[in-house]
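For the sequence shown, the working numbering assigns the number 72 to the initial residue and increments by one for each residue that follows.
Beta carbons are placed, not taken as given, at the ideal position from N, Cα and C, and that holds for glycine.
Computed from a prediction, not measured in an experiment: that's the story for all the values here.
Notes follow once the structure below has been shown.
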Amino acid sequence: MTSHPVKCPHGSLKMFTLGRSRWLWYLCLCAVLPGSFCLLATGMLFPRESSSREVKDLSGLWSFRADKSPNRNQGFEKAWYKSRLAETGPVIDMAVPASFNDITQDPKLRDFIGWVWYEREVLVPSRWVTDEGTRVVLRVGSAHYYSVVWVNGVKVTEHNGGHLPFEAEIGSVIRADPKSPCRITIAVNNTLTLETLPPGTIQYFNDPTKYPDGFFVQNTNFDFFNYAGIHRPVLLYTTPKVYIDDITVVTDFLDSTGFVKYKISIQNAVEAPIKVTLMDKNRHCVASSNKSSGVLKFTDVQLWWPYLMHDNPAYLYSLEVHLMAADERSTYGDIYTVPVGIRTVHVTSTQFLINNKPFYFHGVNKHEDSDIRGKGFDWSLIVKDFNLLKWLGANSFRTSHYPYAEEILQMCDRHGIVVIDECPGVGIKDIRSFGNTSLAHHLDVMDELVRRDKNHPSVVMWSVANEPAAEMPPAEVYFKTLITHTKTLDVTRPVTYITDSNYARDRGAPYVDVICVNSYFSWYHDPGHLDVIPIQLNTQFENWYGKYQKPIIQSEYGADTVPGLHSDPPMMFTEEYQNVVLQSYHNVFDQKRKKYVVGELIWNFADFMTTQGVTRVVGNKKGVFSRQRQPKAAAFILKERYWKLANETGKIPFWTKYPCGLV
Ligand code: GCB
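Okay, structure coming up:
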């Protein structure tokens, strides 16, 4: 039997803690690149094609088998990775990327907890195999939650965490067996523990008079369905042997002069000739250098502005890095281009400044969630959502409650949608989740998140958690460490955690830069009593600002609404009730945004799936759009407001003909 991290049924997972010796490494890097990022030992550049890099997308049909054995461990005991999955037992077709839960009619698969196995055979271009100077990398955009990956039966990597990419170099494995197709096996386990992010626990019910043999449930403290599987594209890509491993970019400007501070790391050579070129939209070079780090300075800078704040928003330059390297046998070149938006972010005691101008977040909270595909990546859905965001006049969203696909952030860069980038620190309610193992994992996740998203101009703030039980004594040290660490990783962006309206949960608040508060007055508090909103919301803002003198974002507010349900006078769950909740909140925002409130993010953009329970009727219905992306009445209220706000606080682009008739 193969020894494996899974020690007990349903995958009680051994955590990777990568040794705190990394701290020393951070300190060294900080010393050479002050005012910039401290990162993991290797980069995680998004796989892009270039004249030196090829990408092969493995999206499509994979073979799939859930390990339904009582201890969920048969796949490891019988080494399913050693042969074709179909030879181990019955397999079904599975779409990748997609959550597996809603794909079949099998209720046991929908609610399955434990290991599921995916497999795909790939024909690899022969040049990739024969050319020893080519690195072949297997990359998984994300798989929820814990993954083990084999190629031709050889384990190539493991990853702990459900929302960030991981990869493995597989050239040597496929070259060892060049004649056979490359068989990729990925085992994914969705079991959550007190130390995962988000946390969860498995609870067994052993009373035979009430429950079938082996009955157990997974308990969680978050309000979305724990969709699982391979959620984002699986790719193979190549680089030359000596390659550009990471690029870090920090931007600034003074009057009309732009500055791009950059650092490039290369692998498999101590140094190599390099050419760095910054190009404008028309591919004209505006600055260049032949050093692996430095500052590019150029005139007539075009800043990256948020959507609706400028008539030429989301301007992107391109930083092209060209690496030349040679060994005794050949010359390799590597080219990688990263989009660069020149913008700054600063926070004062009352304002959130982008490019030194006050920015007001009028946006949404989202989920990666849709019918059938669950949390699976889907371009049609993404493009539709961006069209809806722009229709709404939204200038921002929060990646509640986990990092979204990189392709979504690329869309934000290109459309000027500002992002609060949240890690999966949601549902941290149990005191045992404040221990050292949890903290170490949380720090690792922040490292991975910042490493992946640091260069996106759209990302303006990190959120380290949502509504943690921050009234518990260990929360203070926990959040102090986490927030301080995140600021060390990235000195250019503010950091927050999202609190709920329980005012006692503020042990982390002294360390955040912006206070983000969720509240549901007249819903969870005083349900049905719309008249409490003005007074309770006013009290909420005055209390937080009075104590901390930091700008405040209303990071969630809303009401569940069943589309098509009506009542006048308004009653809970009707479209009219949602309208009045929104309008009552808006009246208070209008008073406070003159002072220190810097944003409002509706909960939620669209209805989304949750675990089943007595408060959820086939999911959470607080969307202003249905799960199928059709507007409820509240969407029109929000749209009118957001365009009005844009008109006041920004500059509506001349080309935008928005249908509210306000311009
Ligand atoms: C919250 C949570 C969010 C829930 C929402 C609700 O405070 O942050 O995850 O979905 O409330 O609708 O209850």
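- With the rule of 3 Cβ pairs closer than 8 Å, the stretch 109-121 does not count as touching the stretch 221-230.
- T610 and A536 have their C-alpha atoms roughly 24 Å apart.
- Taken atom to atom, the span from the alpha-carbon of N573 to that of W594 is near 14 Å.
- Between ligand 1 and the CB of E538, the shortest heavy atom gap is smaller than 7 Å.
- Using a C-beta cut-off of 8 Å, the stretch 429-440 makes no contact with the stretch 501-516, since fewer than three inter-stretch Cβ pairs fall below that distance.
- In this structure F550 is buried. Its beta-carbon is surrounded by 16 or more other beta-carbon atoms within 10 angstroms.
- The straight-line gap separating the alpha-carbon atoms of Q338 and V392 is approximately 14 Å.
- The Cβ atoms of Y667 and I623 lie closer than 8 Å to each other.
- Residue pairing by DSSP places Y656 opposite no residue, since no beta bridge is assigned to it.
- The C-beta distance from W188 to G131 rounds to 17 Å, too long to fall under 8 Å, and the pair is not in contact.
- Its chain contains G271, T272 and Q274 as the residues whose beta carbon lies nearer than 7 Å to that of N290, once the 5 sequence neighbours on both sides are disregarded; these appear in chain order.
- Relative to ligand 1, the beta carbon of F293 is positioned inside 7 Å of a heavy atom.
- Collapsing the DSSP output to three states places G242 in a helix.
- Between N650 and the set I673, L268 and A169, the nearest pair of CA atoms involves I673.
- Taking each of S471, R124, W186 and R522 in turn and checking the Cα distance to L560, the smallest one comes out for R522.
- As for any alpha helix (DSSP H) of minimum length 4 sitting wholly inside the stretch 568-623, the runs are 604-619, ordered along the chain.
- Pairwise C-beta distances place the stretch 627-637 in contact with the stretch 685-699, as three or more of them are shorter than 8 Å.
- No heavy atom of ligand 1 is found nearer than 7 Å to the CB of K332.
- Rounded to whole angstroms, A541 and G721 show a C-alpha spacing of 36 Å.
- For E477, the shortest separation between its Cβ and any heavy atom of ligand 1 does not lie below 7 Å.
- Here the distance from the Cβ of H486 to the nearest heavy atom of ligand 1 is not below 7 Å.
- Of the candidates G684, N458 and D518, the residue whose Cα lies closest to the Cα of H234 is D518.
- Measuring C-alpha to C-alpha distances from Q662 to each of L307, S336, P141 and L608 identifies L608 as the nearest.
- When the five nearest sequence neighbours on each side are left out, the beta carbons in the same chain lying within less than 6 Å of the beta carbon of A476 are those of R303 and F448, in order along the chain.
- Between R414 and T322 the beta-carbon gap is near 6 Å, inside 8 Å, which marks them as a contact.
- Within 10 angstroms of the beta-carbon of T309 lie 16 or more other beta-carbons, which makes it buried.
- The criterion of a C-beta distance shorter than 8 Å is satisfied by Y407 and I318.
- The three-state secondary structure of W188, taken from DSSP, is strand.
- Distance between Q701 and F676, taken at the CA atoms: about 11 Å.
- Contact between L459 and F295 does not hold, since their C-beta atoms are separated by about 19 Å, which reaches or exceeds 8 Å.
- Under DSSP, the beta-bridge partners assigned to K127 are L307.
- Between the alpha carbons of T159 and W151 lies a gap of roughly 6 Å.
- Residue side-chain check: N297 keeps its Cβ at 7 Å or more from all non-hydrogen atoms of ligand 1.
- Ligand 1 has no heavy atom closer than 7 Å to the beta-carbon of D323.
- Short note on K693: C-beta closer than 7 Å to some heavy atom of ligand 1.
- Taking non-hydrogen atoms of ligand 1 into account, the C-beta of E542 is found less than 7 Å away from none of them.
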